[in-house]
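Residue 758 is where the sequence shown starts when you use the working numbering, and the numbers rise one by one after that. Take a look at the structure set out below.
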Amino acid sequence: MDGRITAQAFSFDQNLKGYQRDDFLMVVTQILFTIQRIIHLFILFSGNLSWQAFFNHPEINSNLKLLSSSGQWTTLNAKVKKVEAKNILCTQVSMSFFDRLYCEGLVRENGTIVKCFDEYHDEILIADELRKVLLLDDSDHYDLFSHLDREEFLFCIFKHLCLGGAFCQYEDDLSPYLETTKFLYKDLVSVQKHPETKNINIVSTVFKVCAYDADGLCYPTSNSHEQNFAYLIVNPLNRHIYVLYHVFGVSSFCE
758 MDGRITAQAF SFDQNLKGYQ RDDFLMVVTQ ILFTIQRIIH LFILFSGNLS WQAFFNHPEI
818 NSNLKLLSSS GQWTTLNAKV KKVEAKNILC TQVSMSFFDR LYCEGLVREN GTIVKCFDEY
878 HDEILIADEL RKVLLLDDSD HYDLFSHLDR EEFLFCIFKH LCLGGAFCQY EDDLSPYLET
938 TKFLYKDLVS VQKHPETKNI NIVSTVFKVC AYDADGLCYP TSNSHEQNFA YLIVNPLNRH
998 IYVLYHVFGV SSFCE
């Protein structure tokens, strides 16, 4: 995934209720950061925005990063005709969500991931039982996670990290995947403690988005793949929107 993943942060100037995701005023302070460097861009605009208008705003359209088919970083620079935004569940507040992975035949008590015979699924190498349970519904352990479990943003991050990129040095131990998942999740998702119950509640709303121009799908890229994704994470309290983006393939420096 190195060289093919990026994240962006935006801030808007009005409290955002859950049902108002397609209609709000924004003042944007954008922080773009990639694996290699951090770039600060300060962008100011306002208007009555939908997701389509958001993508088509000149400042966003010319600065929203994506990977070209040649593996070069570029910007959207396209007239977006349609946007699909899927609401992703985001309710998990504990990594104990993954404790069920420590079962016979999947992950051993010491954290070692059980290997399996190599096979490919949509260009992704499946060489262990962990990736098998993430991808194949005929896995012996597929039912460890329900359909709703698999819709959780925490699960999505974990799955993307485990599946990796086209050239991926997979881990033999579960811990690095869990640690990186926790790090990303804590950075992207905001929580609030209830003043009376002291329970931790997630206040962020997550969307998985696809944008289309006159020729079809254009963002996150022109083709669909398990590892092509763009998530928008909206926090109505600190007024931030984060974008997490990745495209499966070979980076230009590997060609």
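We put the beta carbon where it would ideally sit given N, CA and C, even for glycine.
Asked                                                                                                            : Found
The region 985 to 1003 / the region 872 to 890 touching (three or more Cβ pairs under 8 Å)                       : no
Nearest candidate by alpha-carbon position, reference D930, set F854, L863, V948                                 : L863
Rounded straight-line distance, which links the Cα of P977 to that of Q765                                       : 13 Å
Close-in-space but distant-in-sequence residues of the same chain around E841 (CB under 6 Å, 5 per side omitted) : C967
Whether K965 touches I957 by CB criterion (8 Å)                                                                  : no
Nearest neighbour of T962, chosen from I845, N995, H814, N820 [CA to CA]                                         : I845
Distance, A810 Cα to S819 Cα                                                                                     : 13 Å
Other residues of its chain near D879: CB distance less than 6 Å, five sequence neighbours each side excluded    : E983
Pick from L974, F854, N995, K822 that is closest to T831, judged by C-alpha positions                            : K822
I870, enclosing alpha helix (DSSP H) - first and last residue                                                    : Careful: I870 lies outside any alpha helix (DSSP H) and carries neither H nor E.
Minimum C-alpha distance to N980 - residue among I990, E816, H1003                                               : H1003
For N816, the nearest candidate out of L824, G828, L833 (CA to CA)                                               : The sequence given here places Glu at residue 816; Asn does not occur at that position. For the residues L824, G828, L833, the minimum Cα distance to E816 belongs to L833.
Length at least 3, wholly inside the region 916 to 992: the beta strand (DSSP E) runs in chain order             : 948 to 950, 957 to 959, 962 to 970, 973 to 976, 986 to 992
Of the residues Y999, E866, L887, D970, the one placed nearest Y934, counting alpha carbons only                 : L887
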